[in-house]
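First comes the structure, then the notes that go with it.
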Amino acid sequence: MTLNFKLGRQKKDGTCPLQIRFKDKGKDSIISVSGVFIYQKYWLKQHNRVSSHHPIANEINEKIAEREKKLIEIRGKYTIGTISYDIAKRMLSNSSVLDSIHAFIDAYCEGIKFETNVTNYRNAVKAFSFHTGIKEPLFTDITHENFIRVKNSLDEKGRSKQTLNSYLKNIKAICNYAKKKKITFQDFDFDSDWGNKKVKIKPVAVSSKHIKEAIDRIKIHASQKKNPGFILRDFEAIGIWMLMFAMRGLLPKDICQLSSRHLDYDFESEILVHKKRIPDKIVALDGNRHIYNHDRSKSGNSMRMLLVPPIQPLIAMLQDMISSSHPKLAFFSTDDLKYGHEGIIFKKPIDKIDFMRLFNNEVNISKNYKNLFRNYNTHLSNLKMPSFKSARATFMTTATNLDISPAIGRAMMGQTDQTISIHYNDFGGPELFKRVTEAHIKTLEGFHFVELFNHWLKTYDDVFGKGALSYFGLRSNSKLFYSKFTNKLEHIIQTKKVVFKSRNI
């Protein structure tokens, strides 16, 4: 095996780039040492240093010494078989990845780990940097002493005990992943005394009365003559909260990913048939347009759900609001919506047709997404509502209070079931899917969701003078409406074909 320094081809200024030669078992690589250029006559090959006559000799020798230390470390690990040739080469090629936590996240987590995890990792490292004063944290900086500094700083600022535990959890995850990838071999010795004693967090759940009161406060904002855009965002914030609840505890990122293409049939094929404008052609496609297949953005767990009313009219109403309040982020413009579904089908390209999308791709840009939902959360707070996270807690709490079994509750919300039953229960099967859907309906009924939806529409009409209630509202109460809907449930679930007549305008 050959693993040592060498000088590369001489440049026009007379210097040669410092390189590393790594050769073993038929593999041969030349790796540049970034930023180090040497005059050959001053290169002391036997010592791997430049002579004192070389310009800025001390600085160059310090850089070489630093890289040599890593070279010796990597040589040892490769010799005993701890790392492969490719890993050793990568470690030799990028010294920053070997040390810098930020660089490791960029190289090994971005685009590989879930976006939420990467964001949490970055925030934890930034917080560690802020509270310790270490500008560019290295893996070697993750010590008990430094976490005590973080703890003391957080305590001085009056932050919650859980904040430190959250930072520690994410930094532990980064360090463990770096060890798994053989980027660092440091023993971090994480122990329970690195963080605070676990704080039991009680999830914030709200009642339907609480939601109704929040909707009523929008009228107060209107009476204070706040601008129409502000009032509209009040309605949107409550509407999005209600949609998250109605769709079994989705989170903001899930709402941004809603799409007709996740329906349980080939949505694009239906649109293509309509675009052909064949008069009165009857078409049948395999699937069920009332079932939605969703993979949770946080965990990737599957959530197969029936679009129980009023989910679809709620989405349609939000599309209308968002087109006015956020024209740059809305999926449909106000002009698009004037055409109705049929007009949209014939006037827009197929990739711009999606009757479940609220926001366009711009919202997926991190800054837009964060700013948008930070603003919505501010509106919820102004209406004396907890954040969007409470929609998920409220759905589970409501289901629990209605004596819905924990296993069915976890299945409804796309949670990972840690019990043995997960190995035997197929919640996508017809019988269990029906049980999960019945629990979904029962939860909406128990939360008086029809009354809340109608009250939201009526309040919108009162403020803006629209006819939303007459167009989208459900003329019933929750108990009666969901009782009738449940009677039709078997037929809806068992539908295996989407049958429609071709539109011709």
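All residue numbers for the sequence shown refer to our numbering, where the first residue is 2 and numbers rise by one.
Just so you know, even glycine gets a beta-carbon here, dropped at the ideal spot from N, CA and C.
Computed from a predicted model, the values in this text were never measured in an experiment.
- Residue 265 is positioned such that its CB atom lies no closer than 8 Å to that of residue 302.
- Counting only residues of its own chain and dropping the five nearest sequence neighbours on each side, residue 136 has a CB closer than 8 Å to the CB of 130.
- Judged by DSSP secondary structure, residue 124 falls within the alpha helix (DSSP H) whose first and last residues are 116-133.
- In this structure, residue 257 sits away from residue 377, with a CB-CB distance that is not shorter than 8 Å.
- Taken through DSSP and simplified to helix, strand or coil, residue 303 comes out as strand.
- Per DSSP, residue 68 is one residue of the alpha helix (DSSP H) stretching across 58-80.
- Taking residue 36 as reference, the option from 27, 57, 52, 356 with the minimal CA-CA separation is 57.
- The straight-line gap separating the alpha-carbon atoms of residue 176 and residue 142 is approximately 11 Å.
- Taken through DSSP and simplified to helix, strand or coil, residue 198 comes out as coil.
- Residue 492 has its alpha-carbon roughly 26 Å from the corresponding atom of residue 250.
- The DSSP-derived three-state label of residue 472 is helix.
- For residue 486, same chain residues with a beta-carbon under 8 Å away, outside a window of 5 residues either side, are 309, 310, 442 in chain order.
- Looking only at 326, 120, 219, the smallest Cα-Cα distance to residue 462 is reached by 219.
- Between residue 292 and residue 315, the gap from beta carbon to beta carbon reaches 8 Å or more.
- With 16 or more other CB atoms across the displayed protein chains lying within 10 angstroms of its CB, residue 413 is buried.
- Taking the CA atoms as reference points, residue 381 sits about 20 Å from residue 330.
- Beta-bridge partners assigned by DSSP to residue 228: none are found.
- Residue state for residue 454 is assigned as helix, using DSSP reduced to three classes.
- For residue 291, the enclosing beta strand (DSSP E) stretches over residues 283-296.
- Listed in chain order, the non-local C-beta contacts of residue 51 below 7 Å within the same chain comprise 39, 43, 44, 45, 58, 61, 62, local neighbours out to five positions each way being set aside.
- Measuring C-alpha to C-alpha distances from residue 448 to each of 65, 322, 467, 401 identifies 401 as the nearest.
- Its chain contains 75, 78, 92, 183 as the residues whose beta carbon lies nearer than 8 Å to that of residue 84, once the 5 sequence neighbours on both sides are disregarded; these appear in chain order.
- By the Cβ test, the region 384-400 is in contact with the region 203-214, since at least three Cβ pairs between them sit closer than 8 Å.
- Within the same chain, and ignoring the five residues on either side of residue 456 in sequence, the residues whose Cβ sits closer than 8 Å to its Cβ are 213, 216.
- If you draw a straight line from the Cα of residue 246 to the Cα of residue 172, it comes to about 32 Å.
- In the DSSP assignment, the residues bridged to residue 20 are 7, 33.
- 318 is the residue among 347, 318, 350 whose C-alpha sits nearest the C-alpha of residue 335.
- Here residue 261 really is in contact with residue 356; their C-beta atoms are around 5 Å apart, less than 8 Å.
- Per the DSSP secondary-structure output, residue 109 pairs with nothing in a beta bridge.
- For residue 14 and residue 122, the gap between their C-alpha atoms comes out near 43 Å.
- In the structure shown, the three-state DSSP call for residue 330 is coil.
- Bounds of the beta strand (DSSP E) holding residue 502 are 498-502.
- According to DSSP, residue 360 shares a beta bridge with 331.
- Annotated three-state conformation of residue 340 is coil, per DSSP.
- In this structure, the straight-line span from the alpha carbon of residue 185 to that of residue 87 is close to 15 Å.
- When DSSP states are grouped into helix, strand and coil, residue 182 belongs to the coil group.
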